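According to UniProt numbering, the stretch in the sequence shown is residues 1 to 299, in order.
Remarks on the structure that follows.
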Amino acid sequence: MDFDGILFFPVTPFDANGQVDVDLLRRHVATGLAHSPGGIFPACGTGEFHALTAAEAGLVVRATAETVAGAVPVVAGTGGPLGHAQEVARAAADAGADALLVLPPYLVGGPQAGLIAYVEAVAAASDLPVIVYHRGNAQFTAASMRRLAENPKVVGFKDGVGDVGAAQLIVRAVAETGRDDVLFFNGLLTAELTQAAYRGIGIPLYSSAAFAMIPEVANAYYRAYVGGDEARRLALLDAFYAPLVALRDETPGFGVSLIKAGLRIGGLPVGGVRPPLVDPTPEQERRLAEILDAGRALV
């Protein structure tokens with residue numbers, strides 16, 4: 001797989017009855033696709049994978065894959081209870097996904113051997129290659145990633161922990177296997193805030209939740225980042241991303257809730273979030289609108 005551009009993590013729109021709104025999802029994906037993302041990751045963290053049934057996840061991935069029609073890679077989320085993860089993996093393959101992002105198992109912690117076995121069991125459930133998501137109760141050592149890199153179906157590693165030293169060791173451990181086709185991603189919340197550091201340790205790609213609600217600003221930041229325009233990158237960081245992160249940190253789960261709110265502010269009625277997440281208050285939405293305006297003013 002080749003990701004040439006920013007990575008787009010769409011939300012999952014819900015209608016007035018709380019059901020997945022497929023038509024609105026197609027519109028959302030098509031709008032993002034018009035801004036030239038490098039890849040699209042449906043039914044992942046921003047898409048509320050935690051709150052979707054296996055059938056809903058399959059529906060979201062199918063609608064996305066059909067809308068994308070091969071223009072860029074489609075990487076579907078899976079994870080949680082092992083049986084559920086395997087069911088979702090098979091559904092994603094049937095729906096036309098190109099790969100899977102393997103989120104952590106449900107609730108329990110396991111030793112490294114167990115985490116390796118979990119990823120390999122999910123990978124074996126379909127023909128799709130997998131990207132390992134390093135976060136929460138699924139934190140892999142360098143030795144574990146070296147072991148997983150022996151499996152040709154493991155094609156990527158996404159860091160959601162933020163330990164730059166550990167991430168550097170993982171990059172080096174995979175390199176020692178001789179594989180040069182494994183992709184590395186910064187998957188921290190609002191990854192734009194940390195990506196300059198991640199690029200320095202060999203992790204050039206990052207996920208952008210902001211792209212889902214304001215792609216013109218996310219792309220402006222990405223162009224400054226890849227083009228070495230530090231003055232423009234820092235201007236966007238100070239005026240848009242730093243205030244967005246400050247608002248995000250006020251309430252757990254706002255990494256998703258604010259994206260949906262931003263889309264609603266922009267005129268796309270994607271609905272609210274499912275529990276246990278909560279939507280912003282009217283006052284928080286007002287502040288979000290001001291942050292969005294400040295970002296657009298710099299584009």
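Each residue gets a CB set at the ideal place from its N, CA and C atoms; glycine is no exception.
The structure displayed is predicted, hence computed values, not measured ones.
Report the option in the options whose CA atom is closest to the CA atom of residue i.
i      : options                           : result
Leu25  : Leu148, Thr67, Ala91 and Phe211   : Thr67
Tyr133 : Asp180, Glu87, Leu193 and Tyr206  : Tyr206
Val75  : Pro129, Glu48 and Glu56           : Pro129
Leu7   : Tyr221, His84 and Gly39           : Gly39
Ala167 : Ile201, Asp181 and Leu188         : Ile201
His35  : Ala235, Arg233, Ile214 and Gly227 : Ile214
Leu237 : Phe185, Arg296, Ala55 and Gly45   : Arg296
Gly162 : Ala294, Val29 and Phe185          : Phe185
Gly18  : Arg146, Val273 and Val217         : Val273
Pro37  : Val60, Ala43 and Ala71            : Ala71
Leu277 : Tyr118, Arg264, Val256 and Asp293 : Val256
Gly29  : Pro275, Pro105, Glu230 and Ala212 : The identity of residue 29 in the sequence shown is Val, whereas the question assumes Gly. Out of Pro275, Pro105, Glu230 and Ala212, Ala212 has the C-alpha closest to the C-alpha of Val29.
Leu298 : Ala218, Ile116, Leu263 and Pro282 : Ala218
Met1   : Ala138, Val164 and Leu183         : Leu183
Leu263 : Glu283, Ala242, Leu292 and Ala121 : Leu292
Leu193 : Gln112, Ala239 and Pro152         : Ala239
Thr190 : Arg146, Thr46, Pro73 and Gly5     : Thr46
Leu101 : Leu107, Pro73 and Ala113          : Pro73
Gly5   : Gly178, Val174 and Ala220         : Ala220
From which residue to which residue does the alpha helix (DSSP H) around residue i run?
i      : result
Phe254 : Phe254 to Ile265
Val60  : Ala54 to Val68
His50  : First-last for His50: undefined, no H or E at that position.
Gly295 : Pro282 to Ala297
Leu25  : Val22 to Leu33
How close, in whole Å, do the beta carbons of residue i and residue j come, if the pair is a contact with beta carbons under 8 Å?
i      : j      : result
Leu148 : Val154 : 5 Å
Phe3   : Ala209 : With 8 Å as the limit, Phe3 and Ala209 do not qualify as a contact, their Cβ atoms being about 16 Å apart.
Val270 : Lys260 : 5 Å
Leu169 : Ala196 : Their Cβ separation, rounded to whole angstroms, is 20 Å, which puts Leu169 and Ala196 out of contact at 8 Å.
Ile203 : Asp249 : Contact flag wrong, Cβ pair sits at about 23 Å.
Thr12  : Val20  : 6 Å
Gly83  : Leu103 : That belief does not hold up - the Cβ atoms of Gly83 and Leu103 are roughly 15 Å apart, past 8 Å.
Ala43  : Leu52  : 6 Å
Gly58  : Ala95  : 5 Å
Ala138 : Pro105 : 6 Å
From which residue to which residue does the beta strand (DSSP E) around residue i run?
i     : result
Gly77 : Val75 to Thr78
Practice problem: Tell me, please, whether the segment 13-27 touches the segment 55-74 by the rule of three or more beta-carbon pairs shorter than 8 Å. | Solution: yes
Practice problem: Tell me the start and end of each unbroken alpha helix (DSSP H) in the segment 86-169 that is at least 4 residues and wholly inside, in chain order. | Solution: Taking only runs of at least 4 residues, the alpha helix (DSSP H) segments lying wholly in the segment 86-169 are 112-124 and 142-148.
Practice problem: Would you list, in sequence order, the uninterrupted alpha helix (DSSP H) runs of no fewer than 4 residues that lie entirely inside the segment 171-250? | Solution: 195-199, 209-213, 215-227, 230-236 and 242-248
Quiz item: Touching or not, the segment 116-129 and the segment 80-87, by the rule of three or more beta carbon pairs under 8 Å?
Solution: Yes, the segment 116-129 touches the segment 80-87.
Exercise. Spell out a yes or no on whether the segment 221-231 and the segment 280-294 are touching, meaning 3 or more CB-CB pairs, one atom from each, closer than 8 Å.
Key: no
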